[in-house]
Amino acid sequence: MDDFLRVLLLQEYNTRLVVIGTVLLGMAAGTVGSLLLLRKRALVGDVISHATLPGVGLAFLFMMMFGGSGRWSPGLLIGAAAAGLLAAGLVMCIRRTTILKDDAAMAIVMSTAFGLGIAVLGVIQDMPSGNQAGLESIIFGKTASMIRSEAIGIGITAIVILVSCLVLYKEFRLLCFDEQYAGSQGWPVMVLDVALLVLGTLVTVIGLQAVGLILILAMLIIPAAAARYWTDRLLMMMFMSAGLGALSAWFGVTISALVPRMPAGSIIVLSSSVFFLISLLLGSRRGLIIQIWHQISLRRRVGRQHILRAIWECSEGRSSVHRDHLIGMRSWSTGRVARLLQAARRRGEISMDSEQVILTDSGGAQARDIVRNHRLWELFLIKHADIAPTHVDRDADAIEHVLGLDMVEELEAALSQGDTLPTSPHSIAGVQS
Amino acid sequence: MTWMWGVDDWIIILGVMAALACAIPGTFLLLRGMSMMGDAISHAVLPGIAIGFLISGTRDSSWMFIGAAVAGVCAAVLTQVLHRFGRLERGAAMGVIFTTFFAVGLVLLVQTADHVDLDPNCVLYGAIELAPIDLVTIAGLDMPRSFPVLVVICILNLGLLLLLYKELKICSFDPAMARASGVNVTLVNQIHMIMTAATCVACFEVVGSILVVALLVVPAAAARLMSDRLPIVLILSLVIGSIAASLGHLAAINVPGWFGDVPETSTAGMMAVMTGVLFLLAWLLAPRHGLFTQILHRWRLRIRIASEDALGLVFRSIENDSGMTRIDIRRTIVSFTEVGVVIAWIAVRRIRRDGLIDLKDNRCVLTEEGYRRASELIRSHRLWEAWLWQHADLAADHVHGQAMRLEHVTDRSMREKLAAQIDATGIDPHGRPIPSSNPVGDGGPERSRP
Amino acid sequence: MTNQGPRARASRVGQGSEHDHRSPLSIHDMTVAYDRKPVLWDVDLDVPAGQLVCIVGPNGAGKSTLLKACLDLVPKVSGDIRFWGKGISRQRGKVAYVPQRESVDWDFPVNALDVVAMGTYGKLGWFKPVGTKQRKAAREALDRVGLQDLMDRQISQLSGGQQQRVFLARALVQNPDLYLMDEPFASVDASTEQAILDVMRQLREAGRTVVCVHHDLQTVRESFDWVVMLNMRVVAAGPVEEIFTIENLKRTYGGRLTLLDQAAMALGRAHQAGERV
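Protein chains in written order, with our numbering: chain A, 50 to 482; chain B, 416 to 865; chain C, 638 to 914.
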């Protein structure tokens, strides 16, 4: 318990550094990831990260050749970044000059580069002077063994990335939304694209230590994809994504420090996956539950409108209507009519006298509004059928909200009925009179 | 490194078998634009393998197979679900699913770390070097344990290919049409995904789960660049995969020697590199789509166009009685078209060598064959000028430039169509006569000279 | 300024290379090809200032390509484009482009106001954030197209016509002198069509020029002053009442120039390796 608190509250200097570094990494990854996701380049992150392996290996060999120990980590990271960018360029090159599509180009570069990386590591492993230098750790990541200078390096780079994203926010937003318009305004689309890729590469490179090259992709896209379910604003999405990234990073590091045999990288990814799942289900903008709820409430509203209209249209001129009469109105089943009537009675819109249905005062007024709206819509569509809008919101509560009052007045005047209820332009099924 | 019989030959055989098994589902992954799905599935089988191992406790069990296949198919289905209902772009959906699966797999693997021989490294980059040591005896023959598995998966893939060739083909070409013509696209899809997942599992012991992608997609991509016909693409991807696997092992035991006293490196890694090398070769040298092939073709085209331009110049010079030397022709070509000095020189040399022009007092004249060819060309040119002016609404000062380009791609039937559509005055917009369609018949080269 | 068919055009020989400095857009000798296959042949055009200009022609005639090539969004084989006598790079601020609605992902997390504010980015320049002044301008532009109530809506929740009006507002906020619009009337509702036309007429009053790719031949006569009839080449261009004739329409839409198509195909093929010509 003591341990738990100590880790959680960052009381150990070393843990504190590692946690702060990783959290900043999570924020940077979430921010850049949002942009990559919206630019539809999510998987390019995967190519870059796999290509860092040969970069690191070759940088190691190169430094050894010139007499160094090969373990100088800035050198290794520069190698990683160069290889990552080269791979992204190669993908572009294959796509431009061959008939192959994007996905094939990415798979080719990624797998070949990774194979090269494995082969180079194999050479280093067997070299008499090569003491392997923990190069393998970049595949799966080893947060626990992160040293102070590395944590500081990660933190500083992450801050640089975050600041660049904010400074170039406007430009990136334009690039991701409308490339053609950006080009027509003279923005250098190519330069901005490369800038975004460079930021992605930087995130990947500093993420190697923490989560390893296979899982860094998750830090880039999972928080971003999760944030999209909560908001419709880009800035908000970037902030949320950064927040989720930071939170998962913190959980990951803490849990792996407390529980034995829990690799930090995997736990970071799994925490963000949990956040993703929660967002997918509960997200306030595009979450599954809200989508389903919208659908149910739409169906309920339509059902209410239909039943009230049916009662009104049947009882126009009569005081009550028989239930079986309503069943004939639409292709409703007996059960469905019973359910709809029950719901209407619960709302106090109708009263039932055995099988006879009677509208209450308030129900009558509401039914009248619904019928009026419906008939105005019909009129509108008939009058303007040739130019009828394809997207009219026919579920709007009142036709005035969509068409404007003057338009409605014109329609009402067309029937020269003032604001009374227009008669239906077609005969109503089930009403014989 | 010396060759060891009983070890190195088995390694190559296993590698080739893996390449053969991968080529078939891989080609269809490529054609359906789902190459990264191969990558996703190969990562996503990890938890399945780990769970299978946890259940059975050994490495050679059907549990691992089943677990991995289930995990692979789950990943494919979940990606689809996330794409459709979660309104997430397909690539992103794939990334979310496979990284999550992989993370679960890693956690599980670390839990099993005490159990001997299943470590992440082995799953990721395979242990083909150790395979020949790990023998089983079947029907009295000693063979590596993964050999029979690979044989089975090869036969299965081949059988499915023969059985479903038509369906796979139409589903990769045009899914909408396939659905309309009554093919159960979803089912074909699922079978293809199961095939891919099973292949990944069968091969992971040999090449590891990440390098499987190299064998799945890269040979298929190289084959695609070599040919435009599906059966040939399939056969080529089998061949290229096998060559890459064999070369891969040879490179793994030989190349490290170049860097000093290093005995060998990872065969799986080198196999992936070799698929990349073969892809590079196809990228540069493929008969139709290769980069060098295209550059070469462009050069040849430019030379042909320059030769035809030179021939046309000689014709025109004879027409207005200003004899041109070869140097004049080269200069005119260089200054009025986009070609450089070298191509102009080659072009003039070529029409001389082909016997289309002769020299008379150092001036160029046309031979009979040259006259025939030149007047066809000039006829095309002037017909186009007249046609573009009369029918395509181009200004008279513009038609020359367009006709200069079009004359080189105009064949006889197109010429006759042009001739039929223009006013039959026999002159072009600049007032020059259009040569007739049978020039040699009306007097040969001498006649056009006053 | 009017070009009436081949003979009239032929009389311009000799002055072809000069650009009219008053013309907001003058195109000289422009040829555009995709994969070496020409889609626009030798386009010559001087758009008059202060007019509503529409470009009509059948599908695949190269109408959208013409606009994109003018803005350097697709590469040209040859040709010289001038805006008021200068190259595009020096006049970007005075030209606004309204792309086709289908060219962007409407699921993108921005609202209507954000999209309109993008019109101010060009003047803002690098790094400077959007401020109150820009937002105010964006609100006014939304007001002009009648969408002031919807400015907080995420763009996928707008109807097709409203999305098109957002694009128009984005161009308005730039306050340019020349508008290049790609099919602004494609599948929009009647009220949007009216709103866009109203805005276009206001722009003409203010002396601006609008060039508009258009597909509805019915409305050309009542809505536009000047027409360019395009089918891989300029068939005719000039004032609507002179140029928009049955004969020109037949030449634009009727009888495709199969020979030109064939020649274009042959040119495209010749440049692909492996095909013998």
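The beta carbon of each residue, even a glycine, is placed where N, CA and C say it ideally should be.
Taking one C-beta from the stretch 823-839 of chain B and one from the stretch 899-911 of chain C each time, how about it: are there three or more such pairs within less than 8 Å? Verdict: yes, contact present.
Local conformation of A:A393 per DSSP, three classes: A:A393 falls in the helix class under three-state DSSP.
Assign A:N422 to buried or exposed, taking buried as 16 or more other Cβ atoms, counted over all protein chains shown, within 10 Å of its Cβ. A:N422 should be labelled buried.
Would you please verify whether the beta carbon of B:F694 is less than 7 Å from any beta carbon of chain A? Using a Cβ-Cβ cut-off of 7 Å, B:F694 counts as an interface residue toward chain A, since at least one Cβ of chain A sits closer than that to its own.
Per-residue DSSP class, three states only, for A:S411: When secondary structure is reduced to three states using DSSP, A:S411 falls in the helix class.
Report yes or no: is there a C-beta of chain C within less than 7 Å of the C-beta of A:V216? Output row for A:V216: interface = yes.
What is the DSSP secondary structure of A:M141, counted as helix, strand or coil? A:M141 falls in the helix class under three-state DSSP.
Compute the Euclidean distance between the alpha carbons of C:G762 and C:V810, then round it to the nearest angstrom. Distance between the alpha carbons of C:G762 and C:V810 is about 15 Å.
Are the Cβ atoms of A:V67 and A:V158 separated by less than 7 Å? In this structure, A:V158 does not lie closer than 7 Å to A:V67 by Cβ.
Please name the residue or residues paired with C:M667 in a DSSP beta bridge. Paired residues: C:V680.
Below 7 Å between beta carbons: does that hold for B:G453 and B:V632? For B:G453 and B:V632, yes; Cβs fall inside 7 Å.
Within the continuous beta strand (DSSP E) that includes A:G402, where are the two ends? Looking at the sequence shown, residue 402 of chain A is not Gly but Asp. Going by DSSP, A:D402 is part of the beta strand (DSSP E) stretching over 399-402.
Evaluate C:R807 with the Cβ neighbour count: other Cβ atoms within 10 Å of its Cβ, from every protein chain shown; 16 or more gives buried, anything less gives exposed. The residue in question, C:R807, is buried, as its Cβ has 16 or more Cβ neighbours within 10 Å.
Outcome for A:I173 when other beta-carbon atoms lying within 10 angstroms are tallied against a minimum of 16: Counting Cβ neighbours within 10 Å, A:I173 comes out buried, since at least 16 surround it.
Taking the alpha-carbon positions, what's the A:F300 to A:R65 distance? Between A:F300 and A:R65, the C-alpha separation is close to 13 Å.
Between A:G190 and A:G261, which are expected to be in contact by the criterion C-beta below 8 Å, what is the C-beta distance as a whole number of angstroms? About 3 Å separates the beta carbons of A:G190 and A:G261, which is inside the 8 Å limit, making them a contact pair.
Under a Cβ-count criterion, where at least 16 other Cβ atoms within 10 Å of its own Cβ denotes burial, should B:K581 be classed as buried or exposed? Classification for B:K581: exposed.
So which residues on chain C does A:Q229 lean against when the C-beta distance must stay under 7 Å? Simply L710, P736, S740.
What distance in whole Å lies between the Cβ atoms of C:W743 and C:L793, which are believed to be in contact at a cut-off of 8 Å? The identity of residue 793 of chain C in the sequence shown is Ser, whereas the question assumes Leu. C:S793 to C:W743, Cβ: 5 Å. Contact.
Nearest chain B C-beta to C:L815 closer than 7 Å, yes or no? C:L815 does not count as touching chain B.
List the residues of chain C whose Cβ lies closer than 7 Å to the Cβ of A:T280, in chain order. Within chain C, the residues placing a beta-carbon under 7 Å from that of A:T280 are P746, ordered along the chain.
Please say whether A:R424 and A:E404 have beta carbons closer to each other than 7 Å? With respect to A:R424, A:E404 sits apart: the two C-beta atoms are not nearer than 7 Å.
Look at the alpha carbon of B:L774 and the alpha carbon of C:K674, and state the distance between them as a whole number of angstroms. Approximately 38 Å, taken between the alpha carbons.
Which value, in whole angstroms, describes the spacing of the CA atoms of C:L795 and A:R282? Just so you know, the alpha carbons of C:L795 and A:R282 end up roughly 15 Å apart.
Output needed in chain order: residues of the stretch 755-775 of chain C with a Cβ under 8 Å from some Cβ in chain A. Result list: M755, Y758, G759, L761, W763, F764, K765, P766, V767.
Same chain, Cβ closer than 6 Å to C:D709, neighbours up to 5 away in sequence not counted: Only I725 meet the Cβ criterion.
Min CB distance A:T146 to chain B below 7 Å: Closer than 7 Å to some Cβ of chain B, the Cβ of A:T146 qualifies, so yes.
Report yes or no: is there a C-beta of chain A within less than 7 Å of the C-beta of B:H704? Yes, B:H704 lies at the interface with chain A (some Cβ there is under 7 Å from its Cβ).
Beta-carbon contacts of C:R845 that lie in its chain and below 8 Å, excluding the five residues immediately before and after: G687, P813, D814, L815, Y816, listed in sequence order.
At 4 residues or longer, and completely inside the stretch 467-498 of chain B: list those alpha helix (DSSP H) runs for me, N to C. If we require 4 residues or more, the stretch 467-498 of chain B turns out to have no alpha helix (DSSP H) run fully inside it.
Would you call the stretch 651-661 of chain B and the stretch 681-697 of chain B touching, i.e. three or more CB-CB distances under 8 Å? Flag = yes, the stretch 651-661 of chain B and the stretch 681-697 of chain B touch.
Please return the same chain residues whose Cβ sits closer than 8 Å to the Cβ of A:L110, not counting the five positions on each side in sequence. G119, V169, V172, I173, listed in sequence order.
Whether or not the stretch 824-835 of chain C and the stretch 311-331 of chain A are in contact is what I'm after, with contact meaning three or more pairs of Cβ atoms, one per stretch, closer than 8 Å; do they touch? Flag = no, the stretch 311-331 of chain A and the stretch 824-835 of chain C do not touch.
State buried or exposed for B:W714, treating a residue as buried only when at least 16 other CB atoms are found within 10 Å of its CB. A residue is called buried once 16 or more other Cβ atoms fall within 10 Å of its Cβ, and B:W714, having fewer, is exposed.
Looking at the secondary structure, which residues open and close the beta strand (DSSP E) in which B:P559 lies? Its beta strand (DSSP E) spans residues 556-559.
Give the secondary structure of A:V308 by DSSP, where H, G and I count as helix, E and B as strand, and everything else as coil. In this structure, A:V308 counts as coil in the three-state DSSP scheme.
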